[in-house]
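Undergrad: Below: one structure in structure tokens.
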Amino acid sequence: MRFTTAIIGALLCIITNVTAQQRPNILYIMSDDHDADAISAYNTGLIATPNIDRLAKEGMRFSKAFVGNAICGPSRATLITGQHSHKNGVRTNRDAMDPARENIAKTLQQAGYQTALIGKWHLHQYPSGFNYWKILPGQGQYITPRFIHMNGDSVNYKGYATDVITDEALSWLRNRDQSKPFLLLLHHKAPHRYFLAPIKYIDQYRNKKFPEPSTLYASKEGRGKAWLLQTMSILPDMKLSSDLKVDPKYLEDIPALKPDSAEAAYYKAIMNRIPEPDRTRIKQLYAYRGEIIQRERPTGNKLLAYKYQWYLQDYMATVASIDENIGRVLDYLDSANLTKNTMTLYTSDQGFYLGENGWFDKRFMYDVSMQTPLLVRWPGHIKPGTVSNALVQNIDFAPTMIQATGTTIPTYMQGTSFLPVLTGAKKKLDRPYLYYHFYEYKADHTVLQHLGIRGNRYKLIYFYTVNEWEFYDLEKDPQEQHNLINVKQYLPTIERMKLDLVQVRKNYGDTEPVGQVTPAAP
68 MRFTTAIIGA LLCIITNVTA QQRPNILYIM SDDHDADAIS AYNTGLIATP NIDRLAKEGM
128 RFSKAFVGNA ICGPSRATLI TGQHSHKNGV RTNRDAMDPA RENIAKTLQQ AGYQTALIGK
188 WHLHQYPSGF NYWKILPGQG QYITPRFIHM NGDSVNYKGY ATDVITDEAL SWLRNRDQSK
248 PFLLLLHHKA PHRYFLAPIK YIDQYRNKKF PEPSTLYASK EGRGKAWLLQ TMSILPDMKL
308 SSDLKVDPKY LEDIPALKPD SAEAAYYKAI MNRIPEPDRT RIKQLYAYRG EIIQRERPTG
368 NKLLAYKYQW YLQDYMATVA SIDENIGRVL DYLDSANLTK NTMTLYTSDQ GFYLGENGWF
428 DKRFMYDVSM QTPLLVRWPG HIKPGTVSNA LVQNIDFAPT MIQATGTTIP TYMQGTSFLP
488 VLTGAKKKLD RPYLYYHFYE YKADHTVLQH LGIRGNRYKL IYFYTVNEWE FYDLEKDPQE
548 QHNLINVKQY LPTIERMKLD LVQVRKNYGD TEPVGQVTPA AP
């Protein structure tokens with residue numbers, strides 16, 4: 068009897084392990100505000116990211132991947148639900164994710180997957196559907212980050228956030244139940260503002276000179292109200308002390324640049340989190356910025372040029388740390404013999420302005436922030452080194468991962484699986500437009516609420532609280548500098564797209580009123 072039971076147990080173990088090996092693992096890595104141009108697989112002119120580039124060389128790079136609401140919390144809610152913001156209930160960063168709502172973790176958990184989430188969550192309520200989670204509260208801190216554990220404990224971890232998040236992910240991978248396939252959502256805090264990198268990368272990038280975007284000094288003249296009202300411009304809105312680590316002592320005698328008490332306090336709080344001797348050394352590395360301000364007292368475009376360089380230096384230094392840690396994860400997959408049977412995705416919650424239009428931040432439906440990097444590797448299924456121009460969106464991420472596991476895609480998901488694009492069975496999805504809706508006004512950066520649709524060539528945007536329309540020919544004007552809404556030759560296309568916008572909204576169930584005028588109005 069014991070012998071028979073042992074044989075049956077061994078056979079069940081073998082069957083379970085074979086099943087686990089046949090069903091792919093899913094490793095989804097998402098950074099925060101990582102613009103595609105800050106990945107050398109997309110743009111070699113700003114930074115080298117050899118580890119992230121591995122995923123492009125060994126898999127597929129998407130050149131037209133976009134989000135439906137370019138802001139942290141809503142983008143994360145869309146990832147796990149496969150739904151636009153109006154459906155999943157997370158329209159702004161102030162909205163909480165309902166734990167009772169269905170999501171990708173619950174779906175795959177029910178299908179026999181072991182599920183885990185480590186890093187940034189930013190959806191207020193505790194995660195649901197995960198066998199294991201360890202999350203940052205809110206945005207989290209770069210230095211000595213605090214994590215909330217599944218039992219509710221809140222614990223500070225020594226070290227730099229990107230390193231610590233990676234450490235925790237690798238620890239979970241090593242100690243997981245190896246009889247089951249896994250879904251791991253690895254969510255980094257970096258390179259979110261306020262940018263702070265490890266000292267080695269601050270030192271490496273502090274003297275680097277970055278090319279200026281052609282629109283860095285773009286004028287507001289002739290722009291719509293959304294351009295005029297926004298507060299995400301580098302020159303007036305990016306602060307020298309809190310954003311760019313200029314010691315307030317260098318600014319005290321310059322009235323136009325003297326930090327207010329809140330900014331000075333934030334600088335002090337950032338620096339106080341850095342342990343010695345790094346704190347003193349980092350202050351020394353940043354001292355040259357204050358010396359330049361003291362000596363030259365720049366204003367206008369000259370000050371903007373300095374701020375842009377310092378912003379890019381800090382941003383890219385945090386990206387360098389991301390790339391280093393992605394390398395650690397990919398090396399572990401290799402050493403643990405997991406690479407072949409793991410679909411690995413790398414993306415961001417949205418794009419990020421790196422000086423285009425003189426801006427930082429995101430939120431707008433313009434391509435810089437609406438676009439997100441997307442690299443997918445799955446050996447044996449995706450041809451290495453391929454590039455896809457298919458229009459895909461973050462509502463599609465969950466359906467794609469679910470279909471890759473052989474699990475039925477839930478009917479509540481609004482996205483479309485792009486698995487056929489990954490495998491080469493199709494070149495594009497059967498969907499003419501992507502839908503976008505941004506809701507969060509006044510909270511941060513004063514970006515007006517707006518919605519719209521994006522096709523392969525044309526984009527229509529409606530800023531509904533001020534009844535202003537914008538229309539762009541992306542083929543002729545990829546930087547979206549010329550609003551063609553009143554140009555006669557485009558009027559038939561514009562009118563058709565206004566009607567299409569109404570239909571797209573209806574198809575997605577976004578039926579809430581949008582200001583005084585319906586999108587169908589001329």
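According to this note's numbering, the sequence shown holds residues 68 to 589 in order. Backbone N, C-alpha and C define an ideal beta-carbon position, used for all residues, glycine too.
#1: Within the same chain, show all residues whose beta-carbon is closer than 6 Å to that of residue 390, passing over the 5 residues directly before and after it, in chain order.
#2: Expressed to the nearest angstrom, what Euclidean distance is found between the alpha-carbon atoms of residue 583 and residue 289?
#3: What do you reckon, is the C-beta of residue 575 under 7 Å from a heavy atom of the ligand MG?
#4: Give the secondary structure of residue 507 by DSSP, where H, G and I count as helix, E and B as strand, and everything else as coil.
#5: Would you mind sorting residue 434 into buried or exposed? The rule is 16 or more other CB atoms within 10 Å of its CB.
#6: Threshold first: 4 residues or longer. Then list the alpha helix (DSSP H) segments lying entirely within the segment 78 to 151, N to C.
#7: Which ranges does the beta strand (DSSP E) cover as unbroken runs of at least 3 residues, wholly within the segment 515 to 579, from first to last along the chain?
#8: If you pair each beta-carbon of the segment 469 to 477 with each one of the segment 493 to 509, do three or more pairs fall below 8 Å?
#9: So what's residue 332 in DSSP terms, helix, strand or just coil?
#10: Within its chain, find whatever has a CB closer than 8 Å to the CB of residue 357; leave out the 5 residues flanking it on each side and keep chain order.
#11: Expressed to the nearest angstrom, what Euclidean distance is found between the alpha-carbon atoms of residue 299 and residue 379?
#12: Among residues of its own chain, excluding the 5 on either side of residue 260, which ones have a beta-carbon nearer than 8 Å to its beta-carbon?
#13: Could you check what DSSP says for residue 464 in three-state terms: helix, strand or coil?
#14: Along the chain, where does the alpha helix (DSSP H) containing residue 382 start, and where does it finish?
#15: As a quick exercise: from 132, 328, 480, 302, pick the residue whose alpha carbon is nearest that of residue 366.
#16: Starting from residue 251, follow its DSSP beta bridges and name the residues at the other end.
#17: For residue 131, which of 169, 114, 524, 246 has the nearest alpha-carbon?
#18: What do you reckon, are the CB atoms on residue 529 and residue 519 nearer than 8 Å?
#19: Which residues share a DSSP beta bridge with residue 216?
#20: What span of residues does the beta strand (DSSP E) with residue 242 cover, start to end?
#21: Out of 152, 147, 208, 249, which one is the CA nearest neighbour of residue 91?
#22: Consult DSSP for residue 314 and reduce its assignment to one of helix, strand or coil.
#23: Keeping to the same chain, check which residues put their C-beta closer than 6 Å to that of residue 539; ignore five residues upstream and five downstream.
#24: Please return the same chain residues whose Cβ sits closer than 7 Å to the Cβ of residue 278, not counting the five positions on each side in sequence.
#25: Below 7 Å CB to CB, which residues in the same chain sit around residue 262 once its five sequence neighbours on both sides are set aside?
#26: DSSP beta-bridge partners for residue 502?
#27: Determine the contact status of residue 412 and residue 443, defining contact as a CB-CB distance below 8 Å.
TA: Once the coordinates are examined:
#1: 116, 118, 119
#2: Confidence at residue 583 is low in this model, with a pLDDT of 41, below 50, so the placement of that residue is unreliable and no value is reported for it.
#3: Annotation note on the ligand MG: not contained in the displayed structure, which lists no ligands.
#4: coil
#5: buried
#6: 117 to 124, 139 to 148
#7: 517 to 521, 525 to 530, 535 to 540
#8: no
#9: helix
#10: 313, 314, 316, 317, 318
#11: 15 Å
#12: 100, 310, 427, 428
#13: helix
#14: 367 to 402
#15: 302
#16: 94, 183
#17: 524
#18: yes
#19: 201
#20: Taken as a continuous stretch (DSSP letters only), residue 242 belongs to no beta strand (DSSP E), being part of the alpha helix (DSSP H) at 228 to 242.
#21: 249
#22: coil
#23: 526, 547
#24: 112
#25: 381, 382, 385
#26: 520
#27: yes
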